[in-house]
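Student: Got a structure for you, questions after.
There are 2 protein chains.
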Amino acid sequence: MRAVIMHAPGDVRVEDVEKPVIEEPTDAVLRVTMSCVCGSDLWPYRGYGEQNGPAPMGHEYIGVVEAVGDEVKNIAVGDFVVGSFVASDNTCEICAAGFQSRCVHQVMMGGIGTQAEYARVPLADGTLVKVDGEPTDAQARSLLAASDVLGTGWFAAVAAEAGPGKTVAVVGDGAVGLMAILAAKHLGAERIVAMSRHADRQALARRFGATDIVEERGDEGVAKIKELTGGLGAHSSVEAVGTQESMMQAIQSTRPGGHVGYVGVSHDVSLDGRELFISTVSLLGGPAPVRRFLPDLVDLIMSGEIDPGAVFDLTLPIEQAAEGYKAMDERRATKVLLTF
Amino acid sequence: MRAVIMHAPGDVRVEDVEKPVIEEPTDAVLRVTMSCVCGSDLWPYRGYGEQNGPAPMGHEYIGVVEAVGDEVKNIAVGDFVVGSFVASDNTCEICAAGFQSRCVHQVMMGGIGTQAEYARVPLADGTLVKVDGEPTDAQARSLLAASDVLGTGWFAAVAAEAGPGKTVAVVGDGAVGLMAILAAKHLGAERIVAMSRHADRQALARRFGATDIVEERGDEGVAKIKELTGGLGAHSSVEAVGTQESMMQAIQSTRPGGHVGYVGVSHDVSLDGRELFISTVSLLGGPAPVRRFLPDLVDLIMSGEIDPGAVFDLTLPIEQAAEGYKAMDERRATKVLLTF
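First to last, the sequence lines map onto chains W and U. 1 is the number of the first residue of the first sequence in UniProt numbering; add one for each residue after it. 1 is the number of the first residue of the second sequence in UniProt numbering; add one for each residue after it.
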């Protein structure tokens with residue numbers, strides 16, 4: 001089968017690899033119908049972190065079940081399914097508390113690679129959510145978004161306690177930040193401030209529910225948020241980048257007693273204890289437990305209430321995956337969808 | 001009047017100073033009947049932070065109202081009152097959200113000094129809580145504890161979401177840690193683990209509700225908490241020290257999806273973004289909004305439901321304040337009460 005392999009920073013290729021098979025009785029194998037490139041895929045693409053030779057890429061996916069192991073009960077061959085970027089049993093104490101991304105049996109799908117024609121999904125019963133009916137192309141695109149960026153943005157908005165009467169500041173105008181805007185709107189936030197300086201992303205932000213745009217960054221961005229909120233700061237801030245500047249921008253934009261939801265994969269971030277102490281804000285973040293939200297997100301998508309698939313602004317056949325990475329790296333695309 | 005003044009690290013004196021007067025129409029002046037020495041007073045005593053010449057000390061107090069400004073409506077001369085270590089209007093948007101320690105008009109009582117025969121209390125209507133009836137000596141001691149250590153420990157336990165069915169790990173066996181144990185017990189926690197290696201504090205911890213004692217620290221302490229919780233970590237952790245080791249011990253002792261309440265005044269702490277991200281725990285801390293809890297704490301104390309005054313294990317007349325600081329510095333006393 002064809003699969004995307006990263007050989008080194010900037011070196012993404014599409015190659016023939018072995019088609020996956022059932023390895024554990026709790027596995028499923030999917031025929032992937034759509035996958036995509038994640039902002040977090042850009043970190044190794046740009047040379048951050050360890051690189052250990054050729055690596056399969058991708059952790060977002062929707063598809064049709066092709067085979068299941070003997071112990072799989074909830075999912076059957078032929079089902080159309082969506083799963084998150086972390087395979088989880090969905091039954092352990094951590095999963096039961098809603099933190100499936102830290103399941104005691106977790107398997108990171110990124111290590112398996114879903115930018116491929118087929119993918120093995122461990123813990124299929126816990127990981128996969130069946131979609132009833134036949135999704136349209138637009139619905140399929142939205143379901144794919146639910147696999148990570150929508151679910152991650154949703155978690156960030158929930159962690160930030162976005163809701164009625166709240167002003168929500170969103171730091172980061174990538175796909176996750178945009179999805180957090182959509183989530184905040186759905187959760188009933190009164191005012192949603194997108195921190196963005198790119199016209200195309202500002203337009204998407206407004207489409208998804210942003211009421212205000214702030215172009216300033218760092219201290220100036222914080223000052224602007226304060227100005228918009230009577231000097232107090234936002235009730236809720238979403239951090240969807242993962243840098244020192246973006247984390248501090250989110251924390252400092254939040255009023256005392258407010259909440260920060262941070263989901264940008266953290267790179268070279270160090271938080272000063274005294275500054276955090278004085279800020280008196282709640283912090284919750286990390287790898288998002290997308291599985292917690294998936295059933296509801298599937299319902300919202302299939303009933304047409306939300307349209308997160310609009311975040312994909314470039315669609316390419318898998319053979320052109322390298323161009324997809326390049327377009328996102330150069331910010332020519334917000335989020336690239338790969339077809340098969 | 002007599003007041004405690006710190007001239008330099010280790011140099012605490014009791015001196016004659018001007019008796020305070022009403023400066024603002026929202027002020028009250030109290031005759032302080034009891035004050036005490038706080039763990040946070042030990043930081044400057046030990047030479048941490050800036051020292052700018054002689055400074056009045058103390059921010060915990062109970063007493064009788066001696067005078068009120070023209071705009072004070074809720075508090076009258078002769079009232080027996082308790083207030084927190086932060087004067088707050090209790091009406092601004094931040095106060096209304098329960099974060100009075102970050103009131104937009106906040107005044108730190110530590111800058112005024114309450115280890116003194118009299119103290120000016122700004123924003124008296126917002127800051128002070130009247131105690132009905134005549135407190136016994138034991139009740140008065142408990143009310144004094146409510147002024148900071150009890151209220152701070154309570155906030156830490158609430159921030160850590162201590163409650164029924166929860167295992168709570170408490171890092172720090174000083175007065176605040178001990179009060180967090182009392183709070184966790186009152187909040188219904190199932191299991192309360194005191195991390196302490198001092199026999200006298202272990203005994204107090206058990207008295208206040210600890211079900212388990214862990215003597216190990218750092219990685220070994222974390223391993224012990226994991227061992228006690230089926231490998232998962234505590235649901236809730238309280239940090240009541242303020243060092244790098246104690247913060248990491250609290251964060252790492254907490255399971256994914258769990259909550260850390262941190263109230264130790266942060267000194268030279270730096271949190272690694274990646275480690276925090278992976279931990280997937282909620283963090284909430286800072287200067288405790290004691291005023292939020294004071295009315296309930298006063299009721300619990302006056303009805304005999306809680307006995308936090310037991311945390312004071314050394315009582316001295318104010319003239320011996322220097323000995324009180326020394327005893328706490330040398331860990332011969334957990335918490336020193338000063339009488340007048």
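The beta-carbon is built from N, C-alpha and C at its ideal position, and this holds for glycine as well. All of these numbers come straight from a predicted model, not from anything done at the bench.
Enumerate in chain order the residues of its own chain whose CB-to-CB distance from U:Val65 is below 7 Å, with the five nearest sequence positions on each side excluded.
Tutor: Ala28, Leu30, Ile75, Ala76, Val77, Gly78, Asp79, Val81
Student: Let me know if W:Thr136 comes out buried or exposed under the rule of 16 or more other beta-carbons within 10 Å of its beta-carbon.
Tutor: exposed
Student: Nearest to U:Ser236 by CA position, among U:Phe293, U:Ala157, U:Leu123, U:Trp43, is which residue?
Tutor: U:Ala157
Student: Mind checking which residues open and close the alpha helix (DSSP H) that includes W:Met297?
Tutor: Residue identity differs from the one stated: residue 297 of chain W is Leu in this sequence, not Met. Here the alpha helix (DSSP H) through W:Leu297 covers 290 to 302.
Student: So U:Val281 packs on U:His259, CB below 8 Å; how close in whole Å?
Tutor: So it is a contact: roughly 7 Å between Cβ atoms.
Student: Does DSSP put U:His198 in a helix, a strand or coil?
Tutor: coil
Student: Would you say W:Asp89 reaches chain U, if we count a Cβ-Cβ gap shorter than 8 Å as a contact?
Tutor: no
Student: Return no unless some Cβ of chain W is closer than 8 Å to the Cβ of U:Arg46.
Tutor: no
Student: Compute the Euclidean distance between the alpha carbons of U:Ala96 and W:Gly165, then round it to the nearest angstrom.
Tutor: 14 Å
Student: Taking only the alpha-carbon atoms, compute the straight-line gap between W:Met248 and W:Gly218 and give it to the nearest angstrom.
Tutor: Distance between the alpha carbons of W:Met248 and W:Gly218 is about 8 Å.
Student: Pull up the distance between the alpha-carbon of U:Val214 and that of W:Trp43, whole angstroms please.
Tutor: 41 Å
Student: Which residues in the same chain as W:Trp154 place their Cβ atom closer than 6 Å to its Cβ, once the five residues preceding and following it in sequence are excluded?
Tutor: Ala183, Phe293
Student: Take W:Ala3 as the anchor and find which of W:Cys36, W:Glu24, W:Thr26, W:Pro25 has the nearest alpha-carbon.
Tutor: W:Cys36
Student: Could you tell me whether the Cβ of W:Phe155 comes closer than 8 Å to any Cβ of chain U?
Tutor: no
Student: Hey, U:Pro25 and U:Ile112 are a contact pair by Cβ (cut 8 Å); roughly how many whole angstroms apart?
Tutor: Not confirmed; about 17 Å, so no contact.
Student: Give, in chain order, every unbroken run of the alpha helix (DSSP H) that is at least 4 residues long and sits entirely within the segment 132 to 165 of chain W.
Tutor: 137 to 146, 149 to 159
Student: Tell me whether U:Ser266 is buried or exposed, calling it buried when 16 or more other Cβ atoms sit within 10 Å of its Cβ.
Tutor: buried
Student: Give a yes or no on whether the C-beta atoms belonging to W:Ala87 and W:Pro122 are separated by under 8 Å.
Tutor: In this structure, W:Ala87 sits near W:Pro122, with a CB-CB distance shorter than 8 Å.
Student: Which one of U:Ser142, U:Cys38, U:Gly231 has the shortest CA to CA distance from U:Gly304?
Tutor: U:Ser142
Student: DSSP state of W:Ala240, grouped into three classes?
Tutor: coil
Student: Do we get a CB-CB distance below 8 Å when we pair W:Leu276 with the residues of chain U?
Tutor: yes
Student: In chain U, which residues lie less than 9 Å from W:Asp272 when you measure between Cβ atoms?
Tutor: Ser266, Val269, Ser270, Leu271
Student: Using a Cβ-Cβ distance under 8 Å, would U:Phe99 count as near chain A?
Tutor: This model lacks chain A altogether, as its protein chains are W and U.
Student: Considering only residues of the same chain and omitting the five flanking positions on each side of W:Leu204, which have a CB-CB separation below 6 Å?
Tutor: So the list reads Leu178, once near-sequence residues are dropped.
Student: Go to U:Ala169, then tell me how far its beta strand (DSSP E) extends in each direction, as first and last residue.
Tutor: 167 to 171
Student: Could you check if U:Lys335 is buried or exposed, using at least 16 other CB atoms within 10 Å of its CB as the buried criterion?
Tutor: buried
Student: Check each candidate in U:Asp11, U:Gly83, U:Thr33 and name the one with the smallest Cα separation from U:Asp296.
Tutor: U:Asp296 has its Cα closest to that of U:Gly83, out of U:Asp11, U:Gly83, U:Thr33.
Student: Could you tell me the boundaries of the beta strand (DSSP E) in which U:Met318 lies?
Tutor: Looking at the sequence itself, residue 318 of chain U is Ile, so the reference to Met does not match. No beta strand (DSSP E) holds U:Ile318; DSSP gives it neither H nor E.
Student: Helix, strand or coil: which one does DSSP assign to U:Ser270?
Tutor: strand
Student: Quick test of your reading: U:Phe85 and U:Glu117, contact by CB under 8 Å. State the CB separation rounded to the nearest angstrom.
Tutor: Between U:Glu117 and U:Phe85 the Cβ distance is about 18 Å, and since that is not below 8 Å, they are no contact.
Student: Identify every residue that forms a DSSP beta bridge with W:Ser35.
Tutor: W:Tyr61, W:Leu338
Student: Let me know the secondary structure DSSP gives W:Ile94 once reduced to three states.
Tutor: Of the three classes helix, strand and coil, the one that applies to W:Ile94 here is helix, per DSSP.
Student: How many angstroms separate the CA atom of U:Gly133 from the CA atom of U:Phe312?
Tutor: Rounded to whole angstroms, U:Gly133 to U:Phe312 spans 23 Å at the Cα level.
Student: Shorter than 8 Å from the beta carbon of U:Thr127 to some beta carbon of chain W?
Tutor: no
Student: Where does U:Ile75 sit, in a helix, a strand or coil, going by DSSP?
Tutor: coil
Student: Would you identify the three-state DSSP class for W:Asp125, choosing helix, strand or coil?
Tutor: helix
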